[in-house]
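Participant: Quick note: the sequence shown uses the numbering used here, first residue 71, plus one each step. A virtual CB, placed ideally from N, CA and C, is assigned to each residue, including glycine. Got a structure for you, written out below as structure tokens; questions coming shortly.
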Amino acid sequence: MTLSPGLRSILQNFGFLLGSQILTTAIGGAYAVLLARLLGPELYGTLTYGYSWYLTFITLTYLGLDMVLAREVGRQPAAGPSLAGSTLALRAAAATLVAILSAVAACLFEPDPTARFLLLILSVALLGRALWLWCGSAFVAFEVTRRQLPIDLVFRPLELLVVMLALWFLTPRNILAIAVIHTVLWWAQAAVGFVIVAGKVTRIDFSGISAKTLRLIGAGIPGALYTMTVIWFLQAPIVLFRQIAGTGDMLGHFALAMQMMGYLLTVPYLVGSVAMPVLSRSVARDDGKTRHAAKAMLVAIPATGLGLGLLGTWLAPPLIAVAFGADYLPAGQMLGEAIWLLTPISLAVGLQQILFSRRAGLGIASASAVLGVVAMALLYEPLTQTLSYHGALLAIAIGMVVWVGGLVVALFLSGILAKPAADPLLRAAEGRVP
Numbered sequence: 071m072t073l074s075p076g077l078r079s080i081l082q083n084f085g086f087l088l089g090s091q092i093l094t095t096a097i098g099g100a101y102a103v104l105l106a107r108l109l110g111p112e113l114y115g116t117l118t119y120g121y122s123w124y125l126t127f128i129t130l131t132y133l134g135l136d137m138v139l140a141r142e143v144g145r146q147p148a149a150g151p152s153l154a155g156s157t158l159a160l161r162a163a164a165a166t167l168v169a170i171l172s173a174v175a176a177c178l179f180e181p182d183p184t185a186r187f188l189l190l191i192l193s194v195a196l197l198g199r200a201l202w203l204w205c206g207s208a209f210v211a212f213e214v215t216r217r218q219l220p221i222d223l224v225f226r227p228l229e230l231l232v233v234m235l236a237l238w239f240l241t242p243r244n245i246l247a248i249a250v251i252h253t254v255l256w257w258a259q260a261a262v263g264f265v266i267v268a269g270k271v272t273r274i275d276f277s278g279i280s281a282k283t284l285r286l287i288g289a290g291i292p293g294a295l296y297t298m299t300v301i302w303f304l305q306a307p308i309v310l311f312r313q314i315a316g317t318g319d320m321l322g323h324f325a326l327a328m329q330m331m332g333y334l335l336t337v338p339y340l341v342g343s344v345a346m347p348v349l350s351r352s353v354a355r356d357d358g359k360t361r362h363a364a365k366a367m368l369v370a371i372p373a374t375g376l377g378l379g380l381l382g383t384w385l386a387p388p389l390i391a392v393a394f395g396a397d398y399l400p401a402g403q404m405l406g407e408a409i410w411l412l413t414p415i416s417l418a419v420g421l422q423q424i425l426f427s428r429r430a431g432l433g434i435a436s437a438s439a440v441l442g443v444v445a446m447a448l449l450y451e452p453l454t455q456t457l458s459y460h461g462a463l464l465a466i467a468i469g470m471v472v473w474v475g476g477l478v479v480a481l482f483l484s485g486i487l488a489k490p491a492a493d494p495l496l497r498a499a500e501g502r503v504p
């Protein structure tokens with residue numbers, strides 16, 4: 071069986087990205103286990119709250135530019151250097167402003183001195199990580215994700231090693247030291263990423279940035295809302311839970327459950343990312359493959375989600391207790407319920423990529439994303455106060471379902487899911503007209 075070039079590209083780039091993400095997830099999982107055991111639920115919850123804080127803010131730096139870069143490079147390879155330079159300049163400017171905003175918000179709204187200092191340190195990490203994320207988007211857009219794996223292979227184990235040495239021998243149970251190490255290594259990783267992108271992937275052309283700025287930002291708005299929505303559904307609930315439950319053990323359990331759920335979302339998110347350049351070429355050829363992809367997602371994702379949900383409800387509590395210790399059994403129970411959120415969020419990720427590739431229905435998709443986040447935010451506090459973490463998960467689920475519903479409507483109205491009308495000229499050419 072011979073694979074088409076498009077499918078081969080998706081599989082190759084997905085393989086490298088998946089390898090990188092498996093490495094990152096495996097190390098992240100080991101890191102989480104060790105940190106949770108060394109810090110205990112309360113300190114671990116505060117540290118994870120800090121990470122969720124800056125990851126919530128970092129979404130404001132995306133501007134949808136990763137989607138624009140992948141789509142436009144797929145359509146116009148010759149414009150790659152110019153697109154790389156323009157998107158990098160915009161990402162760097164946005165990241166600088168957002169890092170300042172994060173620091174100011176921490177000073178204004180975080181009453182706990184230790185947590186406030188933690189957020190200030192991680193606001194610096196935000197800028198370095200945002201620049202690395204641009205490098206990752208360049209690897210995806212230019213279909214050379216094999217460049218990313220060696221970088222992750224160095225820096226993620228290095229962070230684990232340095233943090234463990236610091237906690238064991240220098241500063242036991244010091245979450246501020248962990249944050250400093252985290253910040254320094256993301257900046258170092260970004261620097262290495264720039265060298266590789268500029269030297270091995272594409273020339274970075276900064277000429278004509280001002281002329282492209284408004285067009286790129288306008289084209290990126292739907293993608294920006296998409297990225298913000300995905301991350302806010304995963305990270306903002308931890309920040310909101312901190313405001314309701316404080317920084318005690320319950321925050322640590324809830325943060326761990328949401329963190330594990332985010333790891334499980336890796337595969338559908340990566341498939342959608344690497345498929346974008348290929349789907350864009352499919353749209354340019356008008357070969358109908360995007361319609362088949364949308365229909366397959368609507369069947370395969372719910373079926374897979376049902377199996378994972380049942381399995382997770384059964385296995386999550388004992389597995390979390392074994393991995394993290396008996397103190398974290400409540401986190402396993404929360405994860406057993408949170409895993410059901412994978413179905414709506416995976417559907418949203420996949421269907422949104424179809425709309426991006428067709429550049430159709432994006433207004434409805436963006437509106438439904440905003441409505442979903444607003445619904446979650448409005449329902450979060452009353453449901454959480456009434457039902458504890460069950461209410462928090464219910465608010466997240468309702469918001470996700472609102473988003474998915476809007477995407478399905480957009481797919482129908484844009485004609486992607488509707489059966490295409492028969493072309494009378496084609497029928498005549500095929501001899502099917504009496």
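1) With a CB to CB cut of under 7 Å and the five nearest residues on each side skipped, what residues in its chain are close to F212?
2) How about A13 and L399: do their beta carbons lie closer than 8 Å?
3) Tell me, please, whether the region 478-489 touches the region 428-446 by the rule of three or more beta-carbon pairs shorter than 8 Å.
4) From A236 to A247, what distance separates their C-alpha atoms?
5) For L93, which residues from the same chain have a beta carbon less than 8 Å from its beta carbon, with the 5 sequence-adjacent residues on both sides left out?
6) Which residues in the same chain as V168 place their Cβ atom closer than 6 Å to its Cβ, once the five residues preceding and following it in sequence are excluded?
7) Relative to the C-alpha of Y450, which residue among I466, S438, G442 and A439 is closest?
8) Just the Cα atoms here: how many angstroms apart are G120 and L189?
9) Would you please state the rounded distance, in angstroms, between the beta carbons of L171 and L153? I believe it to be under 8 Å.
10) Measuring only the C-alpha atoms, how far is P452 from G316?
11) Within its chain, find whatever has a CB closer than 6 Å to the CB of S484; leave out the 5 residues flanking it on each side and keep chain order.
12) Among Q259, L117 and L389, which residue has its Cα nearest to the Cα of A200?
13) Can you give me the Cβ contacts of Y101 inside the same chain, cut-off strictly under 8 Å, excluding the 5 residues immediately before and after it?
14) Leaving out the 5 sequence neighbours to the left and right, which residues in its chain are closer than 6 Å to H252 when beta-carbon positions are compared?
15) For R285, is the classification buried or exposed, using 16 other Cβ atoms within 10 angstroms of its Cβ as the cut-off for buried?
16) Pick out whichever of M470, G263 and F394 has its Cα sitting closest to the Cα of T413.
17) Relative to the alpha-carbon of A289, which residue among L109, V444, T456 and S427 has its alpha-carbon at the smallest distance?
18) Reducing DSSP to helix, strand and coil, say where S156 ends up.
Facilitator: Working from what's here:
1) So the list reads V143, G150, V271 and T272, once near-sequence residues are dropped.
2) What the structure shows of the chain is the stretch from 71 to 504, and residue 13 is not part of that stretch, so it cannot be assessed.
3) Counting Cβ pairs under 8 Å, three or more are found: they touch.
4) Taking the straight line joining both Cα atoms gives about 8 Å.
5) Residues L219, D222, L223 and R226 of the same chain have their beta carbon placed closer than 8 Å to that of L93, with the five preceding and five following residues left out of the count.
6) Correct list, in chain order: F127, L130 and T131.
7) Considering only alpha carbons, the answer is I466.
8) Going by the C-alpha atoms only, they are around 6 Å apart.
9) About 27 Å; that fails the 8 Å criterion.
10) Spanning the alpha carbons of P452 and G316 requires a straight line of approximately 16 Å.
11) Non-local C-beta neighbours of S484 in its own chain, meaning closer than 6 Å and more than five positions away in sequence, comprise A430 and G431, ordered along the chain.
12) Of the candidates Q259, L117 and L389, the one whose C-alpha sits nearest the C-alpha of A200 is Q259.
13) Only E229, L230 and V233 meet the Cβ criterion.
14) Only A195 meet the Cβ criterion.
15) With fewer than 16 neighbouring CB atoms inside 10 Å of its own CB, R285 falls in the exposed class.
16) Selected option, being the one with the closest Cα: M470.
17) Each of L109, V444, T456 and S427 was checked against the Cα of A289, and the nearest Cα belongs to S427.
18) S156 falls in the helix class under three-state DSSP.
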